[in-house]
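Step one of this worksheet: look at the structure below.
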Amino acid sequence: MVGEAGGRGGSAAGLSAGAGLSPGAGLSPGAGLSPGAGLSAGVRSAYDASAQLWADGAEPVYAALARALLTAADPPPADARVLDLGAGTGTAGRAALGAGARSVVSADLAVSMLRRCGPAGHPVAAEATALPFRDGSFDLVVAAFCLGHLTDPGAALREARRVGGALAASSFAPDWTHPAKAAVDDTLVSFGYRPPAWYLEFKHDTEPRAGDPGELIRLATAAGFTGPRVRAITVDTGLRSPAQLAAWRLGMAHTAPFVRALSEARRADLRRAVEAAVAGSGPLVVGMLVLTAR
Ligand SMILES: C[S@@+](CC[C@H](N)C(=O)[O-])C[C@H]1O[C@@H](n2cnc3c(N)ncnc32)[C@H](O)[C@@H]1O
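In this text, residue positions in the sequence shown follow the numbering used here: the first is 84, and each later residue adds one.
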């Protein structure tokens, strides 16, 4: 619970601005959250601008992947105090509560995403590499598709080790793709879209590292975890229709701010074109890596 968390390194300092954030409340940064430079700043503003379209289209995908991650967690989340790191709209926290977790705290740097976690997710605005929680506050840290966004995932894993017990983290398998991705990208470009700088850095530098099983094991070991293990799993998200596939791609943080900025009429044209482009591209079955460690 948020009340169990405190300042960094076990200090008695409270969660000054990060504590007890509830939907509708004036969310403000938690300790250690400053408007960062480079990738973090770009990621933060992109996710902040994407929350509505993400919730409409991408969240159902990530919710299915979060359930798979929690099923693979070792030990399982039953009765655990869980930190959902890079929580976004709280999919992993909800999956943990659904699997019997005692409590969940959701940490993310994008406040608009956190607002959708709901009160049971106990959202806290926080930077993954400087968490505003006391040592040993959690039994399980879940990082669903978060490590790939970080320039220093080792620092985040050290923080996860400090505040938590076990770890369960996910990333996309390096060889996984789906035909809808290229089809939507091409359609977006024909509407004037250009990928943002943070996304190019993410695709080129940080995501590949999180998709490398050897690197994940090395980073987890260096952070002080024992018995790190990476498994590749395949998850059928249940998404199949062109409308669902279009909403997934148009709700991602690298596309949603562009979509949101279009006029209503142009947005409707884009959605129609995207749905036509993904028709027949098949069910959305995702290949992902699951890193577990204690
Ligand atoms: C791909 S989304 C996944 C969201 C959620 N875990 C899920 O699976 O539905 C990645 C999330 O990581 C967050 N994030 C990225 N960099 C972060 C950082 N340095 N500190 C905290 N959160 C971060 C983003 O704001 C975003 O919400």
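Note that the Cβ used here is the ideal one computed from N, Cα and C, for glycine as well.
Values in this document were obtained by computation on a predicted structure and should not be read as measured data.
- The continuous alpha helix (DSSP H) containing Thr154 extends over residues 142-155.
- Here Met371 is bridged, per DSSP, to Phe255, Ile316.
- Comparing C-alpha distances from Ala265 to each of Arg244, Arg301, Ala238, Ala362 shows the shortest one belongs to Ala362.
- A Cβ-Cβ separation of about 6 Å places Val225 in contact with Ala179 under the 8 Å criterion.
- Asp167 and Ala190 have their C-alpha atoms some 6 Å from each other.
- For Leu180, no beta strand (DSSP E) run applies; the uninterrupted alpha helix (DSSP H) run containing it begins and ends at 174-181, by DSSP.
- A heavy atom of ligand 1 is found nearer than 8 Å to the CB of Met196.
- Residues of the same chain with a CB within less than 7 Å of the CB of Glu290, apart from the 5 flanking positions on each side, are Gly231 in chain order.
- In the three-state DSSP reduction, Asp191 falls in the strand class (E or B).
- Note on the region 330-365: there is no whole beta strand (DSSP E) run with a minimum of 3 residues.
- Arg164 sits in a strand when the DSSP states are folded into three classes.
- Setting aside the 5 residues that flank it on each side, Arg292 is surrounded in the same chain by Pro236, Glu298, each with a C-beta closer than 7 Å to its C-beta; the list follows chain order.
- At least one heavy atom of ligand 1 falls within 8 Å of the beta-carbon of His232.
- When only Cα atoms are considered, Leu250 and Ala156 end up about 8 Å apart.
- Annotation: Ala129 to Tyr282 spans about 9 Å, alpha carbon to alpha carbon.
- For Pro262, the enclosing alpha helix (DSSP H) stretches over residues 262-273.
- Annotation: Ala226 is outside any alpha helix (DSSP H); the continuous beta strand (DSSP E) that includes it extends over 223-227.
- Taking each of Ala147, Ile316, Leu353, Arg217 in turn and checking the Cα distance to Gly248, the smallest one comes out for Arg217.
- Under DSSP, Ser186 shares a beta bridge with Arg164.
- Residue state for Ala209 is assigned as coil, using DSSP reduced to three classes.
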